[in-house]
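> The first sequence begins at 1 in this note's numbering and counts up one residue at a time.
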Amino acid sequence: MSSSLTVVRGDSSHQQVIEQTTTGLDLFSDDRTVVAMRVNGEVRDLHRSLEAGDVVEPIENSSPEGLSILRHSAAHVLAQAVQAGHDAKLGIGPPIVDGFYYDFDVAEPFTPEDLRSLEKGMTKIIKERQRFVRRVVADDEARTELSDEPYKLELIGLKGHASTDDGSDVEVGAGELTIYDNLRRDGSVAWKDLCRGPHVPHTGYIQAFSLMRVSAAYWRGDQANAQLQRVYGTAWPTREELKQYQTRLEEAAKRDHRKLGNELDLFSFPDELGSGLAVFHPKGGVLRKTMEDYSRQRHVDAGYEFVYTPHISKDGLFHTSGHLPYYADTMFPPMELEGAEYRLKAMNCPMHNLIFASRGRSYRELPLRLFEFGSVYRYERSGVVHGLTRVRGMTQDDSHIYCTQEQVPGELKGLLDFVLNLLRDYGLNDFYLELSTRDDSDKFIGDPEDWERATESLREAAIESGLELVPDPGGAAFYGPKISVQARDAIGRSWQMSTIQMDFNQPARFGLQYTAADGSRQQPAMIHRALFGSIERFLGVLTEHYAGAFPPWLAPVQVIGIPVASEFDDYLLAVAARLRQAGVRVEVDTSDDRMQKKIRTAQKSKVPYMLIAGGDDAAAGAVSFRFRDGRQNNGVPIQQAIDEIVESIADRRQV
RNA sequence: GCUGGCGUGGCGCAAUUGGUAGCGCACCUGUCUUGUAAACAGGCGGUUGUCGGUUCGAGUCCGAUCGCCAGCUCCA
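1) Drop a sphere of 10 angstroms on the beta-carbon of ILE645, count the other beta-carbons inside from all chains shown, and report buried for 16 or more, exposed for fewer.
2) Indicate the three-state DSSP secondary structure (helix, strand or coil) for GLU305 in the structure shown.
3) Can you give me the Cβ contacts of ALA565 inside the same chain, cut-off strictly under 8 Å, excluding the 5 residues immediately before and after it?
4) Which residues share a DSSP beta bridge with VAL214?
5) Quick one: using the 10 Å Cβ neighbour count with 16 as the cut-off for buried, is HIS726 buried or exposed?
6) Please say whether VAL557 and GLU536 have beta carbons closer to each other than 7 Å?
7) Report the residue from PHE280, GLY24, HIS299, THR234 whose alpha carbon sits nearest the alpha carbon of PHE209.
8) Using a 10 Å radius around the Cβ and a threshold of 16 neighbouring Cβ atoms, would you call TYR326 buried or exposed?
9) Below 7 Å between beta carbons: does that hold for LEU366 and THR395?
10) Among residues of its own chain, excluding the 5 on either side of GLY85, which ones have a beta-carbon nearer than 8 Å to its beta-carbon?
11) Between the alpha carbons of TYR102 and PRO150, how many angstroms are there, rounded?
12) Roughly how many angstroms separate the alpha carbons of ASP11 and PHE28, rounded to a whole number?
13) For LEU194, which of THR247, TYR432, TRP236, ASP139 has the nearest alpha-carbon?
14) Thinking C-alpha only, which one of PHE550, GLN496, TYR308 is nearest ALA530?
15) Name the residue from THR144, ARG220, GLU128, THR601 whose alpha carbon lies nearest to the alpha carbon of LEU183.
16) Name the DSSP bridge partner or partners of GLY221?
17) Considering Cα atoms alone, identify which of ASP397, ALA454, VAL137, ALA576 is closest to ILE179.
18) Alpha carbon to alpha carbon, how far is ARG628 from GLN603? Give it in angstroms, no decimals.
19) How many angstroms separate the CA atom of THR543 from the CA atom of GLY427?
20) Is it the case that the CB of LYS604 approaches a heavy atom of the ligand SAH more closely than 6 Å?
21) Considering only residues of the same chain and omitting the five flanking positions on each side of VAL172, which have a CB-CB separation below 7 Å?
22) Kindly give me the distance between the Cβ atoms of GLN523 and ALA508, rounded to whole angstroms, as I take these residues to be in contact under 8 Å.
23) Please classify ARG44 as buried or exposed, where buried requires at least 16 neighbouring CB atoms within 10 angstroms.
24) Can you give the Cα-Cα distance for GLU471 and ARG390, rounded to whole angstroms?
25) Write down the C-beta distance between GLU19 and ARG38 rounded to the nearest angstrom, noting that I regard them as a contact closer than 8 Å.
26) Does the region 376-393 come close enough to the region 454-474 to have 3 or more Cβ pairs within less than 8 Å?
27) Please report the distance separating the alpha-carbon of ILE483 from that of PHE269.
28) Are LEU90 and LEU211 touching if we call contact CB-CB under 7 Å?
29) Counting pairs of Cβ atoms below 8 Å between the region 326-336 and the region 353-372, do you hit three or more?
30) Going residue by residue through the region 446-489, where are the continuous alpha helix (DSSP H) segments of at least 4 residues, counting only ones entirely within it?
31) Contact between the region 58-78 and the region 236-246: three or more CB pairs below 8 Å?
32) At the level of alpha carbons, what is the spacing between VAL623 and GLY261?
33) Output the boundary residues of the beta strand (DSSP E) element that contains GLU57.
34) Do the region 397-416 and the region 348-356 meet, that is, are 3 or more Cβ pairs less than 8 Å apart?
35) Report yes if the CB atom of GLY387 is closer than 7 Å to the CB atom of ARG258, and no otherwise.
36) Alpha carbon to alpha carbon, what distance is there between GLY480 and GLY474?
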């Protein structure tokens, strides 16, 4: 222990050069918030030795790395608790966003009661303050020690191989094998696990955790493998943070569009229709129509031409496009009719191509931007259907742009700009972009030069937008690169919204041509573009983003009149008539309820503006404004109220 | 599709070890109605997703099926 050392923390000068041999525990022993250390750039356990000259930096449990270490350690504690009471073979147990999980091969699935008793078991282990001690082992030693753990043996066999992308790489390092022993205070081994580490010094560092749920998962993510029981948990540096996390989950649950859709009478999913098929009720219908109408207007302004195509087609069309048979299992099955097979369309592009090909096209017509709210049907497998965000019948705001090769860069830039501006009008304003490109594999078709050029154009457009750009190499579809817009909602979750996709495949398959200025026949470039992805999904996302409190311009009911007593019904009905005249969606609550009840009802339905009127208001020719956030403004002259409402509704970016 | 958990009037929930379904809200009717989140009273409404089975008897047990939820896998 060197008393001469001081490790500075809390600012950028975290690092400390060690002057003599010691351990991290000695350096940071007095501070439970330090869970590990970075030594010469490498993350290590605190109990490991330091040599003179090492550069050491503490890793605190509040840092992303520290949280992962904390959670990974909690996963070990969970596994120990499981094996104390169950005959369980260990899978893997990595940290994940907000928590951790551990996979177990057990005869009987865990029940919610099991989770509670496992939490007790974990608390006991935590109280024992078992030390996590790292031990380097040779392959054969590890095999002997872990002979009862078939999955661990399999991982040992994988040593040095590329990690799987599901987090299991935390178990096996590329270099040496390590086992972590959990030592009790008397030095006896309580438990051990094959693990790369690092871990917190002892189990007492895990101050706040909770087991969340249990579900099944395939060993190493492969459906062909055994199915294991995965126990999910969460762990935080402090109880307060755990509590905050739980509050956040509750907040997210309150915003669930499936719940709000029901409460606000927007849409439903009747069992009689089948899974993943939604109906929009009148209130949801107004919302949807308002949202669509604005989109239509913007598309008109941006030079799009509107087309309409059927929901069904002979399946030959999808062979021409190349979608069948590759995507047959995600399309609804064929229908026999008059010796032909028909399919519900799963995409609109083939039909738009037919419109392009319906007559000779001139370069003078390009770019030709075809737009359609096109309904498509996809056979999403039963387990993946989810509210409005993953459905079997949906309406895409689908557009296909045909242009010359030279026009591609300009079109892409214009498109991205258009897309982002429109999304902002709907109240989303936190975006990042993902650029999906090809790699060297041979699954990609088309001229590499075309790819290169299109990718560069996409990249330029992305950079020009000034948004964060996340590369997705190899993530492109086989027929072209794409850029996708990801939006973060009000509570920070990201949703994939728009995609802008180049297509080097379909123009050729459909033999699309235009006549160039020099009289030659040329193949147009084709760009797919969906802005909302699907209307249904977008409405689901917006509902969660706004927690049902839609901005005035989108709200199904914008204003509700609430008379203080029924005597003032007529007064408010007259005000409402004037508002309606001005294009406002207004209702007056003339029910027999008390005013207080009417306010409560309006509040629960999240109507932006309440206009309340009683004797004082009637005498003054005024109304009292109440906003859904509880603010109020009394004695506002009628005309002024109308003007304010009309003005506010015209402002799309106001919440 | 896989594993697990579910499915009770429009919504949210209740029904001791299997003994022929209750409550609140909503809705309807009546009496009420003056200032910012629930007036009072009465009433209508379900054979417990569906089909089949076990049982003297099933919301409660078993099977199938449809649908929902969580996660896995998938998402052109």
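The C-beta atom is built at its ideal place from N, Cα and C for all residues, glycine as well. Predicted, not measured: the structure shown is a model, and the values here were computed from it.
Reading off the structure:
1) Mapped onto the first sequence, residue 645 falls at position 645. Buried, by the Cβ-count rule.
2) One-based indexing of the first sequence puts residue 305 at position 305. Note: GLU305 maps to strand in three-state DSSP.
3) Reading the first sequence from its first residue, position 565 is the one you call residue 565. Within the same chain, ALA565 has close Cβ partners MET595, GLY614.
4) The residue given as residue 214 occupies position 214 in the first sequence. According to DSSP, which records beta bridges pairwise, VAL214 is partnered with VAL231.
5) No statement about residue 726 is possible, as the shown extent of the chain runs from 1 to 655 and does not include it.
6) As a first step, residue 536 is located in the first sequence; it is residue number 536 there, counting from the start. As a first step, residue 557 is located in the first sequence; it is residue number 557 there, counting from the start. In this structure, VAL557 does not lie closer than 7 Å to GLU536 by Cβ.
7) Translated into positions along the first sequence, residue 209 becomes position 209. If we check each option's Cα against that of PHE209, THR234 comes out closest.
8) Here the question's residue 326 lines up with position 326 in the first sequence. Exposed, since its Cβ has fewer than 16 Cβ neighbours within 10 Å.
9) Counting from 1 along the first sequence, the entry for residue 366 is found at position 366. Counting from 1 along the first sequence, the entry for residue 395 is found at position 395. No, Cβ-Cβ distance for LEU366 and THR395 is not below 7 Å.
10) Counted from its first residue, the first sequence places residue 85 at position 85. Same-chain partners within the cutoff: SER117, LEU118, GLY121.
11) Position 102 of the first sequence holds residue 102. Position 150 of the first sequence holds residue 150. Those two C-alpha atoms are separated by around 15 Å.
12) Your numbering for residue 11 matches position 11 in the first sequence. Your numbering for residue 28 matches position 28 in the first sequence. Low confidence applies to ASP11: its pLDDT is 45, below 50, so where it sits in the model is not reliable enough to give any reading.
13) Within the first sequence, residue 194 is the residue found at index 194, counting from 1. Residue ASP139 is the option with its Cα nearest to LEU194.
14) Here residue 530 refers to the residue found at position 530 when the first sequence is read from its first residue. Nearest of PHE550, GLN496, TYR308 to ALA530, Cα basis: GLN496.
15) Stepping through the first sequence from its first residue, residue 183 is reached at position 183. Comparing Cα-Cα distances from LEU183 to each of THR144, ARG220, GLU128, THR601, the minimum goes to GLU128.
16) For the purposes of this step, residue 221 is taken as the residue at position 221 of the first sequence. According to DSSP, GLY221 bridges with nothing at all.
17) As a position in the first sequence, residue 179 is number 179, starting the count at 1. The shortest Cα separation from ILE179 among ASP397, ALA454, VAL137, ALA576 belongs to VAL137.
18) Position 603 of the first sequence, counted from the start, is the residue given in the question as residue 603. Position 628 of the first sequence, counted from the start, is the residue given in the question as residue 628. Answer to the nearest angstrom: the Cα atoms are 6 Å apart.
19) For this step, residue 543 is matched to residue 543 along the first sequence. For this step, residue 427 is matched to residue 427 along the first sequence. Cα to Cα, the separation comes out at about 11 Å.
20) Questions concerning the ligand SAH fall outside what the structure shown contains, since it holds no ligand whatsoever.
21) Looking up residue 172 in the first sequence gives position 172. Note that VAL172 scores a pLDDT of 43, beneath 50, so its modelled location is shaky; the value from the coordinates is reported in the next line. Excluding positions up to five away in sequence, the list reads LEU155, LEU158, LYS159, ARG196.
22) Along the first sequence, read from residue 1 onward, the residue named residue 523 stands at position 523. Along the first sequence, read from residue 1 onward, the residue named residue 508 stands at position 508. Contact holds; Cβ gap of about 7 Å.
23) Taking the first residue of the first sequence as position 1, residue 44 is located at position 44. With 16 or more Cβ atoms within 10 Å of its Cβ, ARG44 is classed as buried.
24) Indexing the first sequence from 1 puts residue 471 at position 471. Indexing the first sequence from 1 puts residue 390 at position 390. According to the sequence displayed, residue 471 carries Pro and not Glu. Distance between the alpha carbons of PRO471 and ARG390 is about 25 Å.
25) In the first sequence, residue 19 corresponds to position 19, counting from 1. In the first sequence, residue 38 corresponds to position 38, counting from 1. Actually they do not touch by this definition, with Cβ atoms about 18 Å apart.
26) no
27) Stepping through the first sequence from its first residue, residue 483 is reached at position 483. Stepping through the first sequence from its first residue, residue 269 is reached at position 269. Between ILE483 and PHE269, the C-alpha separation is close to 32 Å.
28) Within the first sequence, numbered from 1, the residue matching residue 90 stands at position 90. Within the first sequence, numbered from 1, the residue matching residue 211 stands at position 211. No, Cβ-Cβ distance for LEU90 and LEU211 is not below 7 Å.
29) no
30) 448-465
31) yes
32) As a first step, residue 623 must be located in the first sequence, where it is residue number 623. As a first step, residue 261 must be located in the first sequence, where it is residue number 261. Roughly 31 Å separates the two Cα atoms.
33) Sequence index remark: in the first sequence, residue 57 carries index 57 (1-based). From DSSP, the beta strand (DSSP E) with GLU57 extends over 55-60.
34) yes
35) Sequence index remark: in the first sequence, residue 387 carries index 387 (1-based). Sequence index remark: in the first sequence, residue 258 carries index 258 (1-based). Cβ atoms of GLY387 and ARG258: closer than 7 Å.
36) Position 474 of the first sequence, counted from the start, is the residue given in the question as residue 474. Position 480 of the first sequence, counted from the start, is the residue given in the question as residue 480. So the alpha carbons of these two residues sit roughly 11 Å apart.
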